[in-house]
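Novice:
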Amino acid sequence: MTQFSQADIDTRLSVLWFLSKRLYQTSKTAAPVALFSQVVQGLIQQVDQLSREDRIDALREIVAGSNTRLSEAYSDLNANMKLAFWYRLANNSFLSNLNLEKAIQVRDRSLCDRLLNDLAERDFNELANFLHRAVSVTGVSVA
């Protein structure tokens, strides 16, 4: 978790995206109640309304805890709602069309690869726990 917290924004975004997709793919039938939150749905709709180019920047700002409307709305969510936000994003068609993996510009590729390789070896429960801890610190400004 320390490496994740200290990683650059795009590395953290890459890890969150990887975890969200992986958990969504393995648990499509298990929909937590938080997924149906109107607040989470509203935040996703706001991101969805942005231009294609601005969506990735908005996700970066959310991860960084920037002083923006979307980032502040995200930071007001509790950890379960943040988890639902990322889970819903993994199921949202607009991100599938963004080609997020290619758009992310990781500064330290070896750190990102180590994190992703480590996570790829974990079971579902370990991934869910890591994602829950990761979203708890995501959106909190480190400046």
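Reminder that position 89 of the sequence shown reads as 88 in numbering that gives the first Met the number 0, one-by-one numbering, no gaps.
All residues carry an ideal CB built from backbone N, CA and C; glycine is no exception.
Computed from a prediction, not measured in an experiment: that's the story for all the values here.
For A72, which residues in the same chain have their Cβ closer than 7 Å to its Cβ, ignoring the five residues on either side in sequence?
Specialist: Excluding sequence neighbours, A72 sits near L42.
Novice: By the DSSP assignment, the alpha helix (DSSP H) with A127 in it spans what residues?
Specialist: Where A127 is concerned, the enclosing alpha helix (DSSP H) stretches over F123 to V136.
Novice: Mapping the DSSP letters down to three states, classify S19 as helix, strand or coil.
Specialist: Helix at S19.
Novice: I'd like to know whether the C-beta atoms of A127 and L22 end up nearer to each other than 9 Å.
Specialist: It is a contact, given that the beta carbons lie within the stated cut-off.
Novice: Please report how far the alpha carbon of F3 lies from the alpha carbon of R121, in whole angstroms.
Specialist: C-alpha separation (whole angstroms): 16 Å.
Novice: Beta-carbon within less than 6 Å of L115's beta-carbon, same chain only, minus the 5 sequence neighbours each way: which residues are those?
Specialist: The answer, listed in chain order, is F17.
Novice: Which residue from D7, I103 and A133 puts its Cα closest to that of N79?
Specialist: Taking only the C-alpha atoms, the option nearest N79 is A133.
Novice: When you compare only the Cα positions, how much space is there between V193 and T137?
Specialist: As shown, the chain starts at 0 and ends at 142. That puts residue 193 outside it, with no answer to give.
Novice: Threshold first: 4 residues or longer. Then list the alpha helix (DSSP H) segments lying entirely within the stretch 31 to 60, N to C.
Specialist: Within the stretch 31 to 60, the complete alpha helix (DSSP H) runs of at least 4 residues are 37 to 47.
Novice: Nearest CA to the CA of R87: which residue from Q37, R11 and A6?
Specialist: Considering only alpha carbons, the answer is Q37.
Novice: Please list the terminal residues of the continuous alpha helix (DSSP H) segment that includes Q104.
Specialist: From DSSP, Q104 is part of no alpha helix (DSSP H); its letter is neither H nor E.
Novice: Tell me the residue span of the alpha helix (DSSP H) that contains S70.
Specialist: Taken as a continuous stretch (DSSP letters only), the alpha helix (DSSP H) holding S70 covers R68 to S74.
Novice: Taking R54 and V62 to be in contact with their CB atoms under 8 Å, please state how far apart those CB atoms are, rounded to whole angstroms.
Specialist: Not confirmed; about 13 Å, so no contact.
Novice: Alpha helix (DSSP H) containing A78: first to last residue?
Specialist: It spans A78 to A89 - the alpha helix (DSSP H) in which A78 sits, taken as one unbroken run.
Novice: Please report the distance separating the alpha-carbon of D56 from that of D9.
Specialist: Each residue's alpha carbon lies about 10 Å from the other.
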